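A.B. asks:
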Amino acid sequence: MGTGPIRVYLDTRRTRAALDRNIFGSFLEHLGRAIYEGIYDPKSALSDSNGYRKDVLEEIRKLSVPMIRYPGGNFVSGYNWLDGVGPKQGRPRVLDKAWNSMNSNEFGTNEFLAWCKAAGTQPLLAVNLGTGTPEDAAALVEYCNVDQGTRWSELRRKHGVADPHRVRHWCLGNEMDGPWQIGHMSATEYGWKAADAGRQMRYVDRDLTLVACGSSGPGMPTYLEFAEVTAVCDFVRGRLRSKKKLWLSFDEWNVWYRARSGSATDGHRQEAPHLLEEVYNLEDALLVGGCINTLLRSADRVKIGCLAQLVNVIAPLMTNTTGLVRQTILYPYSWALQYGRGSVLDVLMENCPTYESSGTETAAYLDVAGPIQAAEGVLSVFVLNRDLAKPREVELNWEDRTGGRLLMAQVLTGSDLKAVNDFAAPTRVVPKAADKPVASGARTRIEVPPRSYSSTSGSFRTPLGHKPCQQTHK
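Take the sequence shown: its position 410, counted from the start at 1, is 410 in this note's numbering, and no numbers get skipped.
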């Protein structure tokens with residue numbers, strides 16, 4: 001390892017992939033206080049006439065979350081969507097067996113889709129392939145997307161929603177290989193059921209994007225590494241001589257290691273119980289930053305990603321009766337939403353020291369990703385410094401850059417990795433202005449503190465006649 005700064009090469013002619021905006025979506029499940037007391041609380045003085053928490057709604061608008069998955073999660077595998085539509089006074093109060101909680105069904109499909117419009121986001125609806133049938137899934141598509149003249153579209157109109165919702169993205173069940181899942185089945189059984197459901201759903205509306213379940217997690221014997229998943233997809237494509245390329249949806253990701261058992265996961269048949277309410281520290285935020293960089297580098301195959309979840313349940317936003325708190329993990333996520341657009345560069349890093357990881361492997365102290373908005377002339381650099389003790393000097397080499405100006409340089413760091421934001425101290429861990437980068441020609445030097453995740457964005461101009469590469473996907 002040589003001396004001197006760590007060198008990072010940024011060339012706008014070398015992009016890994018176009019970024020689908022939906023790669024930084026999120027997730028809301030009927031679980032704990034995610035819906036009730038989270039986004040919807042009609043008894044609260046902080047809510048509007050629809051029962052939507054105004055402070056939460058405004059925060060999500062400001063974040064510009066592009067897509068939100070709903071209604072589950074484990075919940076959806078026992079959910080009858082008909083329980084959550086129609087006059088509220090006639091909706092049944094039911095037991096959610098997945099989380100041993102009571103659901104009033106006061107907030108259902110139409111309420112969620114109306115909330116999405118108010119929040120400026122689009123839905124990713126999951127259908128029940130646990131206790132539900134392919135016919136049930138097709139009926140929900142008909143209810144949501146057909147204008148009029150059919151059984152389920154007329155029911156929607158009877159419920160006061162004249163215009164179809166035209167939901168484009170749908171999940172075919174949830175974690176069906178997991179033994180904890182209601183309706184658990186083998187991969188073969190799920191394949192047949194999902195294929196039939198998808199076929200019937202597209203008979204109703206051909207213009208749907210469907211997401212099938214993969215294996216649920218690394219503890220499952222059927223779980224594949226990312227490279228293995230993409231290899232299988234490409235093998236099947238080649239075997240079938242198909243022109244269709246399969247994209248990946250990483251629709252549940254986050255840090256979750258405390259509230260995983262006991263009272264944290266058992267609702268004790270209460271409404272809106274406090275479940276999975278992780279309190280995140282600086283250490284967790286740095287890991288989320290690393291996840292964001294990984295998603296950016298994987299954008300050639302991952303087109304949908306959902307931070308799970310959004311409010312109160314393993315979430316960046318926490319509410320109580322007086323307001324909300326922005327947890328530490330919100331800040332890397334907010335930078336990704338603001339600057340993780342356009343394309344992502346194929347970043348080259350040299351002269352970066354490493355450390356032993358997991359006893360057998362080595363990892364670089366720095367993790368760098370470079371999203372670029374070519375049309376706007378904005379290039380961003382997200383840097384995770386895993387070194388707990390040393391700051392690192394980084395030399396950014398703008399291979400084809402001329403001119404430009406700094407737009408933003410912020411860093412999330414601190415001396416205490418266990419520091420958290422809570423209602424007593426809501427700004428204990430927040431981003432601060434980073435040291436101003438030092439530019440010299442086509443090189444810019446920045447210093448990243450130990451235990452930090454930083455975002456540096458600047459405008460750029462390219463040599464005459466040269467246009468940054470923009471990849472697209474279909």
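Note that the Cβ used here is the ideal one computed from N, Cα and C, for glycine as well.
Keep in mind it's a predicted model, so treat the numbers as computed, not measured.
Helix, strand or coil: which one does DSSP assign to valine 146?
C.D. replies: coil
A.B. asks: To the nearest angstrom, how far is it from the Cα of aspartate 20 to the Cα of histidine 169?
C.D. replies: Straight through space, the alpha carbons of histidine 169 and aspartate 20 are spaced by roughly 14 Å.
A.B. asks: From the DSSP secondary-structure annotation, give me the bridge partner or partners of valine 311.
C.D. replies: Leu317
A.B. asks: How is the beta strand (DSSP E) around proline 371 delimited, first residue to last?
C.D. replies: 371-373
A.B. asks: What separation, rounded to the nearest whole angstrom, lies between the Cα atoms of histidine 165 and alanine 375?
C.D. replies: 31 Å
A.B. asks: So what does DSSP say about lysine 158, is it helix, strand or coil?
C.D. replies: helix
A.B. asks: Of the choices Ile372, Ser358 and Cys352, whose alpha-carbon is the least far from that of alanine 364?
C.D. replies: Cys352
A.B. asks: Could you give the DSSP three-state label for tyrosine 331: helix, strand or coil?
C.D. replies: Here tyrosine 331 sits in helix by DSSP.
A.B. asks: My understanding is that glycine 73 touches leucine 31, with C-beta atoms under 8 Å, so please give their C-beta distance in whole angstroms.
C.D. replies: 6 Å
A.B. asks: For the region 198-218 and the region 262-270, state whether three or more C-beta atom pairs, one from each stretch, are separated by less than 8 Å.
C.D. replies: no
A.B. asks: Identify whether isoleucine 292 lies in helix, strand or coil by the three-state DSSP scheme.
C.D. replies: Three-state DSSP puts isoleucine 292 in a helix.
A.B. asks: Verify whether the separation of the beta carbon atoms of phenylalanine 382 and asparagine 281 is less than 7 Å.
C.D. replies: no
A.B. asks: In the DSSP assignment, what are the bridge partners of isoleucine 68?
C.D. replies: Its beta-bridge partners are Ser26 and Pro123.
A.B. asks: Below 7 Å CB to CB, which residues in the same chain sit around arginine 301 once its five sequence neighbours on both sides are set aside?
C.D. replies: Thr230, Trp247 and Leu248
A.B. asks: Taking buried to mean at least 16 other C-beta atoms within 10 Å of its own C-beta, is alanine 442 buried or exposed?
C.D. replies: exposed
A.B. asks: Pull up the distance between the alpha-carbon of asparagine 145 and that of tyrosine 9, whole angstroms please.
C.D. replies: 47 Å
A.B. asks: Where DSSP assigns a beta bridge to glutamine 410, which residues make up the other side?
C.D. replies: For glutamine 410, which the question treats as bridged, DSSP gives the partners Ala433 and Ser455.
A.B. asks: Reducing DSSP to helix, strand and coil, say where valine 347 ends up.
C.D. replies: coil
A.B. asks: Return helix, strand or coil for arginine 297, following the three-state DSSP convention.
C.D. replies: helix
A.B. asks: Classify serine 457 as buried or exposed, calling it buried when 16 or more other Cβ atoms lie within 10 Å of its own Cβ.
C.D. replies: buried
A.B. asks: Rounded to whole angstroms, how far is the Cβ of isoleucine 34 from the Cβ of glutamine 309, which I believe are closer than 8 Å?
C.D. replies: As written in the sequence, residue 34 is alanine, which differs from the isoleucine given in the question. Right, the Cβ-Cβ distance comes to about 6 Å (below 8 Å), so this counts as a contact.
A.B. asks: Could you give the uninterrupted runs of the beta strand (DSSP E) lying entirely in the region 179-234, keeping only those of 3 residues or more?
C.D. replies: Those beta strand (DSSP E) runs which fall completely within the region 179-234 and span 3+ residues are 209-212.
A.B. asks: CA-CA distance, arginine 428 and serine 44?
C.D. replies: Rounded to the nearest whole angstrom, the C-alpha separation of arginine 428 and serine 44 is 27 Å.
A.B. asks: Look at the alpha carbon of glycine 38 and the alpha carbon of aspartate 177, and state the distance between them as a whole number of angstroms.
C.D. replies: Cα to Cα, glycine 38 sits roughly 29 Å from aspartate 177.
A.B. asks: Would you mind sorting aspartate 163 into buried or exposed? The rule is 16 or more other CB atoms within 10 Å of its CB.
C.D. replies: By the neighbour-count criterion, in which a residue is buried when 16 or more other Cβ atoms sit within 10 angstroms of its Cβ, aspartate 163 is exposed.
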